[in-house]
């Protein structure tokens, strides 16, 4: 396996492309938006520059990584000759089903199709293709170049051979793959999102403030960042989407998103990506200043 196509140049897509390229794979990074591609390559370059500055890689390794990445706005051209396609588009089931149907039509019959979805059914996505045995989940963690975990999610029909191939490939990337089965939220988000949602409920019910909630979890539970800070980092819209997928999948009220989260997303307060969530990021990307609405 030498040629990897990555669909989506956003936070996860450019991180996945970076990781494969740095490990020596040829990567075709695909996005319908040329500006998104430019921004993605700029992000990869900046991240590599930081690694050079910290003596984790050399300047030559940085240049080799960048030379391993080609960009495309045309899906058909981008997936040509790909041994593996990793889809990292927006967490929207209709969009993903559309992409996988297209991929099934244009990719080689031997190409493995993977999705970086954090919650949507692999079995449902695979059903949009005529190759369900070759469809699998590769749920990378953000930031991809740093985080070791990859959840490898088997759909109902994913073959043992494809699962073994993707597990071994993940190890080649320097990751620690964990095989899980296909249920809403898989393992990571099935456990994480209810905790984040409960933290938002705790704020919503006036039990404590933003920094107090985060401090309790950091100091008392040894979490590297507080749950509200983490929600901002992930994106409140992404958190809401995942909770909705789990609520729809399980029909269990414990997965129902907090009304505060729903309203914040409606108001465009999405966390770091929008400049404000539970914290104000207008002056710094660090969670140092609580958003004004939570200072009352």
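In the numbering used here, the protein residues as written are 7 to 302.
Idealized CB from N, CA, C, for every residue including glycine.
This one's a predicted model, so the numbers in the text were calculated from it and none came from an experiment.
Measure the CB-CB distance between residue i and residue j and report whether it falls below 8 Å.
{"i": "residue 148", "j": "residue 49", "result": "no"}
{"i": "residue 206", "j": "residue 267", "result": "yes"}
{"i": "residue 164", "j": "residue 142", "result": "yes"}
{"i": "residue 13", "j": "residue 88", "result": "no"}
{"i": "residue 178", "j": "residue 25", "result": "no"}
{"i": "residue 283", "j": "residue 237", "result": "yes"}
{"i": "residue 185", "j": "residue 173", "result": "yes"}
{"i": "residue 27", "j": "residue 63", "result": "no"}
{"i": "residue 277", "j": "residue 288", "result": "no"}
{"i": "residue 92", "j": "residue 158", "result": "no"}
{"i": "residue 232", "j": "residue 224", "result": "yes"}
{"i": "residue 120", "j": "residue 90", "result": "yes"}
{"i": "residue 195", "j": "residue 125", "result": "yes"}
{"i": "residue 241", "j": "residue 279", "result": "yes"}
If we count the other Cβ atoms within 10 Å of its Cβ and call it buried at 16 or more, is residue i buried or exposed?
{"i": "residue 247", "result": "buried"}
{"i": "residue 301", "result": "exposed"}
{"i": "residue 117", "result": "buried"}
{"i": "residue 82", "result": "exposed"}
{"i": "residue 65", "result": "exposed"}
{"i": "residue 324", "result": "Residue 324 lies beyond the residue range present for the chain, which begins at 7 and ends at 302; the question has no answer from this structure."}
{"i": "residue 137", "result": "buried"}
{"i": "residue 7", "result": "exposed"}
{"i": "residue 55", "result": "exposed"}
{"i": "residue 252", "result": "buried"}
{"i": "residue 73", "result": "exposed"}
From this set, the options, which residue's C-alpha is nearest residue i's C-alpha?
{"i": "residue 102", "options": "128, 87 and 118", "result": "128"}
{"i": "residue 34", "options": "99, 167, 261 and 71", "result": "71"}
{"i": "residue 41", "options": "204, 226 and 78", "result": "78"}
{"i": "residue 263", "options": "291, 202, 183 and 297", "result": "202"}
{"i": "residue 122", "options": "106, 293, 144 and 255", "result": "144"}
{"i": "residue 190", "options": "104, 297 and 261", "result": "261"}
{"i": "residue 269", "options": "285, 162, 226 and 210", "result": "210"}
Give the DSSP-derived three-state secondary structure of residue i in the structure shown.
{"i": "residue 58", "result": "helix"}
{"i": "residue 216", "result": "helix"}
{"i": "residue 286", "result": "strand"}
{"i": "residue 47", "result": "helix"}
{"i": "residue 41", "result": "helix"}
{"i": "residue 35", "result": "strand"}
{"i": "residue 27", "result": "helix"}
{"i": "residue 190", "result": "coil"}
Can you list, in chain order, the stretches of the beta strand (DSSP E) that have 3 or more residues and sit fully within the segment 220-270? none
For a minimum of 4 consecutive residues, which ranges assigned as the alpha helix (DSSP H) are wholly contained in the segment 62-137? 65-73, 81-85, 99-112 and 128-132
Which residue spans inside the segment 132-179 form an unbroken beta strand (DSSP E) run of at least 3? 141-146 and 155-160
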